[in-house]
Structure formats: C-alpha cells, structure tokens
Amino acid sequence: MSVNATPGGADVAADETATRSGARHAAVPAQRNRRRKPPLSENKKAERRLGWLLCAPAALVMVLVTAYPILYSVWLSLQRFDLRFPDQREFIGLENYVTVLTNEFWWTAFGVTALITVVTVAIELVLGMGLALIMHRTLVGRGIVRTAALIPYGIVTVVAAFSWRYAWTPGTGYLANLFSEGAPLTERASSLAIIMLAEIWKTTPFMALLLMAGLALVPEDLLKAASTDGATAWQRFTKVMLPVMKPAILVALLFRTLDAFRVFDNIFVLTAGGNETSSVSMLAYNNLIRGLNLGIGSTMSVLIFLTVAIIAFVFVKLFGTAAPGSDDGERR
Amino acid sequence: MIVVADIVLDKVSKKFPDGTVAVADVDLEIADGEFVILVGPSGCGKSTTLNMIAGLEDISSGELRIGGERVNDKAPRDRDIAMVFQSYALYPNMTVRENMAFPLRLAKLDKETINTKVEEAAKVLELTALLDRKPANLSGGQRQRVAMGRAIVRQPKAFLMDEPLSNLDAKLRVQMRTVVSRLQKQLGTTTVYVTHDQTEAMTLGDRVVIMRGGAVQQVGPPQELYDHPRNLFVAGFIGSPSMNFLHAVVEEGALRTALGEVPLGDRVRRELEGADAPRELILGIRPEHFEDADLVDEDTRRRGMEFEAPVEIVESMGSDKYVYLTVEGERATAAELEELAADAGAADFTGAGANLVTRLSAESPVVEGETRRVWFNLEKIHLFDPANGRNLTLHEGRAAGALAD
Amino acid sequence: MAVETTTRAKLRWGLLDVVVVVFALIPVLWIASLSFKTPATLTDGRFWPREWTLDNYRTIFATDQFVRALVNSIGIALIATVIAVVLGAMAAYAISRLDFPGKRLLVGVSLLIAMFPQVSLVSPLFDIERQLGLFDTWPGLILPYITFALPLAIYTLSAFFKQIPWDLEKAAKMDGATQGQAFRRVIAPLAAPGLFTTAILVFIFCWNDFLFAISLTSTERSRTVPVALSFFTGESQFEDPTGAICAAAVVITIPIILFVLFFQRRIVSGLTSGAVKG
C-alpha cells in the first residue's frame, strides 16, 4: 500500500535524486535477490542463545544446591538413618513423619515458631511503618536516621544476640538490673519475649526500607489533593497512602513472614533452645548435628519446607498480580 | 569534501516476530542536503523507520541506500550517520567535552584535531562555557544542545533526529526549533527528523512525510500538505487548530450540510455521478476560511456562502479571533477522524452536537451568546469520501474547492 | 504530615529521630562498652565502662581460634561475593535486556530460593557434603552462600540495569562504537555503582550467616567468626569469655558499620529497588 505518487514539488525533488544516483542503482536488483531469508529470526535466535548462556551458570548453581538436595532430603526422610547407627539404615516409608508429627517437642517448637512469626511480623509491620514514615518524611537529619536504621539490618545477628543476652544476664546487664528480679533468660515466657525483642530490633529496619520504597510511590500531589479535600492526617494515611502501598506492604509481609519462620540464630545464642524455646529450625538442627539423625532431621526439613511453601502459596494467592517479580517477566 | 548523502528507502518494511507490521513498503527518496520530517501519531512507524535508517533496527524487507550504496547489513558505525535522541542520551559519566569528543575518539582522530573540532562545535552551539560540566548539571535546553553538538562534531553524511525537542518546555522548543533549522541550513547536511508535533513538521522541513499505521500518507512541502491534502487523515493532522469536519449528504447535485445547501461545481458533480460514488461525504473547512459576514466585501461574498450560528466562545488572540460556533446536525464520522481524536487524547470527550472553530478578523464585534452571521469560502473547502478518506476536490494534486468546473 | 515546616514540627521530627537512633544504636554501644570493660567491672551492670581496657582485643588477636575464624570469614565471604555478583550480573543483564523463553521461570525460581527455609537444606547438604568431601571446607560454605545470595544479586542488579538508559548504547553505536566499545566505555561505568552496591549487600549476607556455618563446619579449618563466637570459652575454663566474645563481636561489626556509614544511600537504594517495583 505504498503511496508514492507525490504531488507537485515533491515529484521534482524525487526525480532529481533518482537521476543523480541512478547509475549506482543499476547494480542493486542482483543483490536484492540474494537476501531473501528473514534476518530477524537469526537475530532473535542469537538473542535467545545469549540469554540462556548468560543465565545458565546462575540457574545451574541455584538448582544444584537447592533442587537436588531437596529431593535428596525427601529420599532421606523416608529412611531410618542415624549416623551413630549406620548399620540400621533402611527404607521405612512414612514412619519418620509419624514419629515427628506425633512428637510433642515438634509441636511445641512449631507453636513457638508460629508465635514468634506472628507476633514479630505484626509488631514489625507497625514499627516498620512508623520508621518508614520517619525516614521518608522527617524534616531534620534524614541521612542520620537512615544510617542508624541500617545498622541493625547489617549487623551480624549473632553479635546482636550476644548483646541482648548480656543485657539480660543478671549482674552484667543494664536491662536485667533495671527491669527484673531473677534471670529472665531462664524462664520460658520472658525468654520468648527477649527472643522476639531481639528479632524485632534486628529486622524492623528491613521492613521499614521495603515500606519506604512503597511510600516513595505515593504521589505527593495525591496527598495534597486529599488535604484540600479535607482529609485528616489519619484519613490521608489510611485512605490514600495504604492503598497505594498495598503491593509494597504485601511484599514486605511475605518476605518477613518467611524469614521469621526460619528464626535460628537468636534462639541459638539467647537460650540454645532451653525451656521449650526451640524453633523448628533449632529442633531440626539439634536432631541433625547434635543427634546425627539424618532421617528425622530430613523429615523435619521437608515439613518445614512444606509449611513455608503453604505460607508462600497463600500470600501469592492474596497478591494476585502484585507478586514480586511479576513485572520482571516482561521487558522494560 | 563532497559527499553525496542522499537516502533512498525502496519498499522498506518492518515486521515484528509476532506478525505485526510496523512499517509497510515505504518508498522515499531524500535528496542530498534535504531536511525531511517524518510525522504522524504515535505508533505510526516513524521512529521505527528512523531506527532502520540508523541501523539500530533490522530491515525485514526492502532496501536502504545511503549515497547510492546499499547499507541494509551495515552496522550503525559504518553508516556514517549521527543521531540525536529524544532522551538526548548523553553519557552521564563524561563531561560535555568528553561527550562531544566521544565519536571522534572512537574514530581515532588525534587529540589536537579532536580539541579543535569540539571547540568549534561548542562555539556554534554556545556551549563553550559548559564544556567541563557533567550532563547532570545542565538544563534541558543545554543538554539538548550538547546532544546536537555530539552529532555535528564529526560531520556525518546525515543527521537523524528522534523527537529531539519534545522534552523541552514550549518556549524553549520554539527557540530550539530555529537553532535546529539554522544549523541544518548552515551545514547543509541531509537530515531526517521525526516528530509527532505538526507545528514542528510545518515549520522545519523542506518536505514532510506523513505516516499512519506504518504507511506513508503523503509526501510534500509543508504548504502543499496544508493546501492540498490527499486524504482526510492528512487534512486532519496538519493545521492547528485543525480543520472542521461536517457531515454532508449528496442531494440532486448539491450538498445538504449543517451550514446549508452547498452548491457543487461540475468537476465534483462528475466525481459523484458514478454508481459506486458515496452518497454521504465529509466536508472540511479550515478555521481561517471563515469570516464575519459583515466584514466581507461583495466580491469575496460571491465566492462563498453564509450561515447563522450561535456563538459559544470567543478567544481574542489580538491579531484575530477564534470563535467557536455551535451548529446543529450530525457529527462527521470516519476511522481517520477517530484515530486523530485518540491521538489528541480527546477520543471520548467531544461534547454534544457539532462545533466549528473559526478564525475571524480582530475587527469583528462578535460576542459570546449572540447568533452571528458567518461567511465561508467555497473555493477552499474539501470534500472527503468517508469510506476511504480520499479528497474528492483534489485534481492533479491540487485542491480546487467545491465550485470548480 | 504534608507541608508543615514550623519549628514545632521540626522539633517533633527531631525527637522521633533521636528515639530511632537510640533504639538502633543501644545494643551496638552496649556490646562495644562490654568489650572495653575490665574483668573486674564486667559484672557491674553499668552501661558505660568505669575502667577502659584493650586487654580483650589483645586476647582475641593472640588466640589462633579467632584469627583463623576471621581469615575464614573474610575469605569465604569475599569469594562467595565475587562469584555471586558475576553470575548474578550475567543473569540480570539477560533478564533486563534480552528476550528469551524461560526468563519468567528463572525469575520465579530465584524468588522461591529467596524465600526458601535454609534449614531444609542443612540436612541433605550435610550428608552430600560429607560424601563429596566438601564438609568443613571453604567451598562447602561458599556454594550455599552463592546460591542464597544469587536471588538477591539478580533482583538488585536487574533493577539497576533497568534504570540504565539503554538509549546510551544506541547513541554509542551511532557515534561509531562497536558492541564491545559501547559496553566498555558507556554501559560498564554506569553499571559499576549497581555492581558495587550489590556486592556490599551480598557480602553482608555471607558475613552474617550462622546456620550454614554452624552446620557445615566442624573445625577451625573453615569455621567463620559468628560460629567461633558461640564456641568461645576463654583461655581457661575458669575465665569468663564475655569480654573476649564482645571484643570479637565488635571486630566483625566494624566492616558493617563502615559500609553503612559510607554507602548508606546505595544500600538503601539497592535494598528497596530490588524488592518493590510496582
């Protein structure tokens, strides 16, 4: 559908060009016939190859170090396999699962983990939102606040755990002397509270950073518009900011929930799992490294994996299209 | 140094792997030293065409020749073309001087030559004081000039410009328009300039290429496109405020329109005699072809006709007045018009009834709310076939109005 | 919240800032303070030391246990960081710039791994590494570190890469650059900050790990500092290791504090850009 019958003056100009370079054009038709294959698909293929080539190493490492071991641990979980008694290794089907799921230590640990997860994530969400607002909107010393808030995120968890442990150790600690008689880390309730405090201190900044990224997406004009429409500060927060931030909030919740479910370091240092404060990770570690029971340890690993998968699935269902990475799928 | 840098597109097409055709069989010959504008609504294929000339995008079929040489398979660097991007694409890690020197350094010129050339180009674009700044510390207009400087510094065969002014504010855009125009005339370098702004298209180029849906609609000097549009799309795209379009019905050798019975000359009548000739037409009138009936002398009056309509809004521009009239009757509909409205972002905001935008003399005492008698020039109206958009008043490339014999 | 800039508002924000800073810093200051206390005043329960001493630092740097662990920590974290960033950069470039089938899958898999319960890997890895002879070696830790750092690296890097105006690549080509020149002279300098930021984040992650380190090592050969800390016993069994632990803790906290101080802006942008976009 070419339209080249250019009227008037255009024709003159075009004619001129045609005659001027006419001689050179004579050689062209021969060349034109030679190239008939679509060059684009060649290009496209090369792009695919390059894409796969570039991703292959990363994908390979990730799959080798996660997928294979997970399958292997499913296989191990179906066996009686105690490294102290290697001769008794045999395939026993789901017996390990029965053992674990009827064991009260498992359920205690599960309860502790769930409690820590729910409480810390809930508190972190509130504190994190506050911190995010402070970091985003403060009029003074924004740099200082952001720097200070990053320290708990960056610091080695074990170091922080030791700090809290000594803080609550009677005699040594400034907090122990201040708040309580006796040794708080030897009682279950207070131990759990301290573990949660340590977790919250460590990870609230991360939550706040994720939320701050969401806050940055709230257009300033929208808030001004809401102001002129007569919204109070609280209404602006709930009616304007929260809806815009919803994807960011869900992402932050998902990451933190799954992360909290893995709680290990703090418990290891603070109580070593004493007084029924073990998390599922702690229990699996104890069975495996202390008890050298690969069968039971693997069973717990698989159960933890399934639990996390269920949590993730529920979240992703809630997310819908707001799932992280969904925009990474497309180009640009 | 005489470089013949004509650019020839011979049935050039671009198909994407998913089957969409971005550019279909474009034929275009750009003479050495010519300034050609590619214009059209977004998605019309103008940028893809430019990228194909640049070598940034493959040509699916057809042939591209620069200076007589086939360059389909040449990398951009071997085509000796410079490009100015809409985003300017200045290297943020380099100073202005380094940015402008970059193509020369890649061409392995010696330091002294590079320096002289950069200084020269900086002088032309008044960038000398800014040479040691980083792009981040420049204003939009300055960045734009650096991008231009980087293009001219190596004296390429041709310039390609991809909406280079669209990121500037209105005032600066007008200013830079003259800079671009002057520069191109000074250097005499073949230039292909892409824009979606019809004002830029009208003011800048020697010739304008109007594209729609990947195909060329019309090629010609700006005034010719304005006076003699080949079809409804070109007529509606060129001109600001744009041409008025009204629904018209053919009835016994005349046209029934909201402005009254429009008489037809023999030529148009002949066009409409065929069995498959349209019974309904679209009447197009540009705003400046209206006038306050009181201000028209007898001689002129005979060349047009008059009607009365309520005045909705009067915008006084000083030199003349834009008067918005409400007229009864059906709105003109055609695919082209809807596309144009969508491009202007007004597809779903049209109001009720038909509106006329007219440009009357400043002396007209017209006021809002009154009913005014207005004259329009029958020699300047266009009639379009709504089915295919063809301009029926066009004869051998010239529009002749409704009365021509 | 919107546009109040009165002195009172400033004061209120300032107060909030102080609360945040204090809340964030107290545990750090506390452990630093403990590390400077003499054994006699260690149990006085006061926040600031009455007598200052560097003895604890002398002690830990005199013991092989700590120095060895520090070398392990640094070596393992650095190697894992370099590999993870290189592999991550390749994948991120492909994800942000190229179009190929399987891209979504890769993104999905890396997301899954980011949320993976690490303890689930501990038992199979424990057994596999024992069989392969990787148990209690540097590679035995580097491998899982790379794996869990890769999603982080891929996310932050592809967010960075997406921000690079790729028009520049086109511009460089138009200016006469080859693909290689365009990458080296235009894109690489722009990508450097992103790579650097990602490297810091990945390093912090590796530096922080405790679970893998305690599960997949058994001797000083590859034990990292966080693990060594938890096994510290002091010179003799009668000596309280608290001061030494605190000194060691301060030593491994210093690099983190330095990173945070100097690269606060970058770390924030790296963390947030990767995680939440749309």
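Protein chains in written order, with the working numbering: chain A, 1224 to 1555; chain B, 36 to 440; chain C, 8 to 285.
Built from N, CA and C at the ideal position, the CB exists for glycine as well.
Supposed close pair residue i, residue j - CB separation, criterion 8 Å
i         : j         : result
Val1503/A : Phe1333/A : 6 Å
Ala160/C  : Gly95/C   : 3 Å
Ser399/B  : Leu330/B  : 6 Å
Val27/C   : Tyr1508/A : With 8 Å as the limit, Val27/C and Tyr1508/A do not qualify as a contact, their Cβ atoms being about 34 Å apart.
Ser110/C  : Ile120/C  : A small correction: the amino acid at residue 110/C is Lys; Ser does not occupy that position in the sequence shown. At roughly 16 Å, the Cβ-Cβ gap does not stay under 8 Å, so Lys110/C and Ile120/C are not in contact.
Ala198/C  : Phe168/C  : 7 Å
Thr393/B  : Pro322/B  : 5 Å
Leu413/B  : Leu395/B  : About 17 Å; that fails the 8 Å criterion.
Gly103/B  : Val181/B  : 33 Å between Cβ atoms; not a contact.
Leu1511/A : Phe133/C  : 6 Å
Endpoints, beta strand (DSSP E) assigned at residue i
i         : result
Trp410/B  : Thr406 to Asn412
Ala193/B  : Ala193 to Asp197
Phe325/B  : Phe325 to Asp327
Arg291/B  : Ala289 to Thr292
Glu2/B    : Summary: the structure shown does not reach residue 2/B, with chain B confined to residues 36 through 440, and so no result is reported for it.
Ala1454/A : First-last for Ala1454/A: undefined, no H or E at that position.
Within-8 Å CB hit, residue i to chain A
i        : result
Val116/C : yes
Gly140/C : no
Ser243/C : Residue placement at Ser243/C is flagged as unreliable, the pLDDT there being 49, under the threshold of 50; the coordinate-derived value follows with that caveat. It does not; no Cβ of chain A falls within 8 Å.
Gly95/C  : yes
Ala47/C  : no
Asp143/C : no
Pro172/C : no
Nonlocal neighbours in the same chain, by C-beta distance under 6 Å from residue i, ignoring five residues either side
i         : result
Gly1394/A : none
Phe70/B   : Gln219, Thr226, Gly240 and Asp241
Val58/B   : Ser48, Lys49, Gly80, Thr83, Thr84 and Gly249
Gln39/C   : First, the residue type needs correcting, since residue 39/C is Ala and not Gln in the sequence shown. For Ala39/C, where only same-chain residues beyond five positions count, the Cβ hits under 6 Å are Val257.
Glu371/B  : Leu267, Phe268 and Gly424
Asn1498/A : Arg1411 and Ser1414
Met36/B   : Unreliable placement is indicated for Met36/B, whose pLDDT of 48 sits below 50; the coordinate value is still reported in the next sentence. So no residue of the chain qualifies.
Cutoff 8 Å: residue i Cβ touching any chain C Cβ
i         : result
Thr1280/A : What sits at residue 1280/A in the sequence shown is Pro, not Thr. Yes, Pro1280/A counts as interfacial toward chain C.
Met1419/A : no
Pro1262/A : Here the model assigns Pro1262/A a pLDDT of 45, short of 50, so the residue's position is not dependable, and the following value carries that caveat. Not an interface residue.
Asn126/B  : For clarity, residue 126/B is Tyr in the given sequence; the question names Asn instead. True, the Cβ-Cβ gap to chain C drops below 8 Å.
Trp1275/A : yes
Arg185/B  : yes
Met196/B  : no
Arg1369/A : yes
Arg168/B  : no
Met246/B  : no
Identity of the residues DSSP links to residue i by a beta bridge
i        : result
Arg189/B : According to DSSP, Arg189/B bridges with nothing at all.
Lys44/C  : Trp59/C
Ser351/B : Lys356/B
Ala250/B : Arg247/B
Phe107/C : According to DSSP, Phe107/C bridges with nothing at all.
Glu286/B : Ala289/B
Leu165/B : Leu165/B is not bridged to any residue.
Val47/B  : Val61/B
Met340/B : Phe411/B
Beta carbon proximity, residue i to chain B, threshold 8 Å
i        : result
Lys180/C : yes
Pro196/C : yes
Val234/C : no
Own chain residues within Cβ distance below 8 Å of residue i, not counting five before or after
i         : result
Gly175/B  : Asn202, Leu203, Asp204 and Leu207
Leu303/C  : Outside the shown range of chain C, which is 8 to 285, sits residue 303/C, and nothing can be said about it.
Ser1570/A : Shown here, chain A extends from 1224 to 1555; a query on residue 1570/A therefore has no answer.
Bounding residues of the alpha helix (DSSP H) (the contiguous stretch that carries residue i)
i         : result
Phe1333/A : Glu1327 to Arg1360
Gly295/B  : That residue, Gly295/B, is in no alpha helix (DSSP H); its beta strand (DSSP E) goes Gly295 to Pro298.
Glu373/B  : Ala370 to Asp378
Arg228/C  : Premise fails: Arg228/C is in no alpha helix (DSSP H) and is neither H nor E.
Leu1408/A : Unbroken run through Leu1408/A: none, as it is neither H nor E.
Contact set for residue i: own chain, Cβ-Cβ below 7 Å, skip 5 residues either direction
i         : result
Asn1256/A : Note that Asn1256/A scores 39 on pLDDT, short of 50, meaning its location in the model is unreliable and no value can be drawn from it.
Phe54/C   : Trp37 and Ser40
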